[in-house]
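Read through the structure below, which is laid out as structure tokens, and then see the notes.
2 protein chains.
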Amino acid sequence: MKEFHRLSARQQHMLRFMTAFVRENGYPPSIREIGDECLIGSTSVVNYNLNKLVEAGYIQRSDRVSRGLRIVGDIPGMQAETKPPLQVALVGRIAAGEPISLPDDIAHHIDEDDYINVPPALLGKYDASEVFALAVRGDSMIDAMIQNGDIVILRRQNTAENGDMVAAWLKEDSETTLKRFYRRGDMIELQPANPAYQPLQVVPENCEIKGKVLSVMRAYA
Amino acid sequence: MKEFHRLSARQQHMLRFMTAFVRENGYPPSIREIGDECLIGSTSVVNYNLNKLVEAGYIQRSDRVSRGLRIVGDIPGMQAETKPPLQVALVGRIAAGEPISLPDDIAHHIDEDDYINVPPALLGKYDASEVFALAVRGDSMIDAMIQNGDIVILRRQNTAENGDMVAAWLKEDSETTLKRFYRRGDMIELQPANPAYQPLQVVPENCEIKGKVLSVMRAYA
DNA sequence: AGTATACAGGAACATCTGTTTTATGTCAAA
DNA sequence: TTTGACATAAAACAGATGTTCCTGTATACT
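Chain order of the listed sequences is A and B.
When we follow the working numbering, the leftmost residue of the first sequence carries the number 4, and every step to the right adds one.
When we follow the working numbering, the leftmost residue of the second sequence carries the number 4, and every step to the right adds one.
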């Protein structure tokens, strides 16, 4: 299980330096300049942590471009850079007994739907435009550690990689479920987040991937 | 000196392109990228005009640095907006076996701690300054529908009202727990979020309210 | 004409800079 | 203990990028 994107001291240092550097120079630092400042002797380590920051949603990078990075998040102690509010479409509800009804063209339904604010860290490396949110109805997903009223953030996709938390529609059971996806030979194993529940083995024909679960938000009273 | 009409059409084009490029990408264009956009086949010509723009005071350059230029003047089409994001201090971790360690003065620890962005909806009616966040360590709070890696948003308070989700320190058990708070005569009843678990009855002396749980955030891979 | 200046183009060059590969140490889970 | 994920390093590599030198054109001035 991957922990919430909490930054190491080194990554925080890098982020602070990059932000200050951009503000002072008007262009981002190179990998080696970051390494010098943060006392990192190896460019690959800087590169490694830079990619971590991308995953965490703090920066974006352009491949093979010198100084090709931009700070998208806000760093403590720094004045905010240009930051568009991250908004995700709340397109509907999800319950066990119903399939996830996704409009083929999400953008088409924008004006009649709600939007919610989501921190960049909860979107991972994905863009807000390809992500949507569902409100969970009922307690049928307790085995996924998700309860009534939770907001699930998903990215629409029909395939999944091992370890992904996915929203799957089980045709035979007429049930929507959120579980971790693993391919086991010809079968698919779905593991619940709560270890107190048993994994489920299904044939691919019975399991339709609806999306990848990126995050969950829950607000108490 | 800052007279737009003094510049050749080519230089104006370059200036417009560079400004737009920085706004879109977060970093300046290379000499060759400028050349492609402005239909200049030779890098030396771009370099020549770039130096002209430096003389005219529109930009600054750093020698021998990739994309080492910054736009210093305000060119038509620039905007600056500063909207303070909602930031909450991530002051530490929470695990079952340890008390929640809260600094008496949260603000005092700002510089050494992490900050996370939180959507306003997860803060309820409370202000970001009186709220803090904890990273959950371990799976000891499964009965509260909270798992390893989750981020819990809390408001610091020593009392609670019926129905509040609270973080409580059970002295006798040396355990931190997140449960719903109810006063039952002289006793306190703590109800887990997961109905599969049993409520807990404790005497007030054994139950120390540490804060009110406002929300939970969880990020998968 | 002759010269100076501003501007433009091409190509070679040096090095700046991101990427990849391989190896090492740490730490927690099995 | 063994395993594997994660973080860290060092070095070699390939590509991106600024610099420089040389040449050519057009215009204005003496």
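For each residue, glycine too, the CB sits at the ideal point set by N, CA and C.
query                                                                                                                                                                                     : result
Shorter than 8 Å from the beta carbon of residue 165 of chain B to some beta carbon of chain A?                                                                                           : no
Report yes or no: is there a C-beta of chain A within less than 8 Å of the C-beta of residue 202 of chain B?                                                                              : no
To the nearest angstrom, report how far apart residue 180 of chain B and residue 139 of chain B are at their CA atoms.                                                                    : 11 Å
Please name the residue, chosen from A:13, A:11, A:37 and A:12, that lies closest to residue 23 of chain A on a Cα-to-Cα basis.                                                           : A:37
Assess contact between the stretch 49-66 of chain A and the stretch 56-67 of chain B, defined as three or more Cβ pairs (one per stretch) separated by less than 8 Å. Is contact present? : no
Which chain A residues are close to residue 69 of chain B, counting only those with a beta carbon under 8 Å from its beta carbon?                                                         : 33, 69 and 70
Please report whether the beta-carbon of residue 29 of chain B lies at a distance below 8 Å from any beta-carbon of chain A.                                                              : yes
Comparing C-alpha positions only, which one of A:65, A:222, A:165 and A:219 sits nearest to residue 212 of chain A?                                                                       : A:165
Under 8 Å, do residue 137 of chain B and residue 155 of chain B count as touching if we go by C-beta distance?                                                                            : yes
Give the interface partners of residue 197 of chain A over in chain B, defined as CB-CB distance under 7 Å, in chain order.                                                               : 145
Rounded to a whole number of angstroms, what is the C-alpha to C-alpha distance between residue 157 of chain A and residue 221 of chain B?                                                : 12 Å
Using a Cβ-Cβ distance under 8 Å, would residue 168 of chain B count as near chain A?                                                                                                     : yes
Express the C-alpha separation of residue 66 of chain A and residue 119 of chain B in angstroms, rounding to a whole number.                                                              : 27 Å
May I ask you to report which of helix, strand or coil DSSP gives residue 43 of chain B?                                                                                                  : coil
In the DSSP assignment, what are the bridge partners of residue 64 of chain A?                                                                                                            : A:72
Any chance you could list the beta strand (DSSP E) runs of at least 3 consecutive residues sitting entirely within the stretch 141-195 of chain B, in chain order?                        : 154-159, 168-173, 178-187 and 190-194
Answer with yes or no whether the minimum CB distance from residue 57 of chain B to chain A is below 8 Å.                                                                                 : no
Contact criterion: CB-CB distance below 8 Å. Does residue 223 of chain B meet it with respect to chain A?                                                                                 : yes
Quick check: the Cα distance between residue 210 of chain A and residue 189 of chain A, rounded to an integer number of angstroms?                                                        : 12 Å
The beta strand (DSSP E) with residue 208 of chain A in it runs from where to where?                                                                                                      : Per DSSP, residue 208 of chain A belongs to no beta strand (DSSP E) and is neither H nor E.
Using CA atoms only, rank isn't needed, just tell me which of B:161, B:145 and B:68 is closest to residue 208 of chain B.                                                                 : B:161
Under 9 Å between beta-carbons, which chain B residues line up against residue 74 of chain A? List them in chain order, please.                                                           : 29
Would residue 30 of chain A pass as a contact of residue 30 of chain B if the rule is Cβ separation under 8 Å?                                                                            : yes
So, with DSSP's three-state summary, where would you put residue 197 of chain B?                                                                                                          : coil
Across which residues does DSSP place residue 214 of chain A in a beta bridge pair?                                                                                                       : A:159 and A:170
How about residue 121 of chain B and residue 74 of chain B: do their beta carbons lie closer than 8 Å?                                                                                    : no
Quick check: the Cα distance between residue 194 of chain B and residue 141 of chain B, rounded to an integer number of angstroms?                                                        : 20 Å
From this set, A:169, A:205 and A:33, which residue's C-alpha is nearest residue 69 of chain B's C-alpha?                                                                                 : A:33
Could you list which residues in chain A have their beta carbon closer than 8 Å to that of residue 14 of chain B, in chain order?                                                         : Per Cβ cutoff of 8 Å: no residues; residue 14 of chain B is ~18 Å from chain A at best.
With H, G and I counted as helix, E and B as strand and the rest as coil, what does DSSP make of residue 219 of chain B?                                                                  : strand
In whole angstroms, what is the alpha-carbon distance linking residue 184 of chain A and residue 148 of chain A?                                                                          : 16 Å
CB residue 178 of chain A to CB residue 159 of chain A, shorter than 8 Å?                                                                                                                 : no
Could you tell me how far apart the beta carbons of residue 200 of chain A and residue 153 of chain A are, in whole angstroms, since I believe they sit closer than 8 Å?                  : Contact doesn't hold; Cβ gap of about 17 Å is too wide.
State the start and end residues of the unbroken beta strand (DSSP E) segment that holds residue 136 of chain B.                                                                          : 134-139
Are the C-beta atoms of residue 3 of chain B and some chain A residue less than 8 Å apart?                                                                                                : This structure gives no information on residue 3 of chain B, because the portion of chain B shown stretches from 4 to 224.
Got a sec: is the Cβ-Cβ distance from residue 120 of chain A to anything in chain B below 8 Å?                                                                                            : yes
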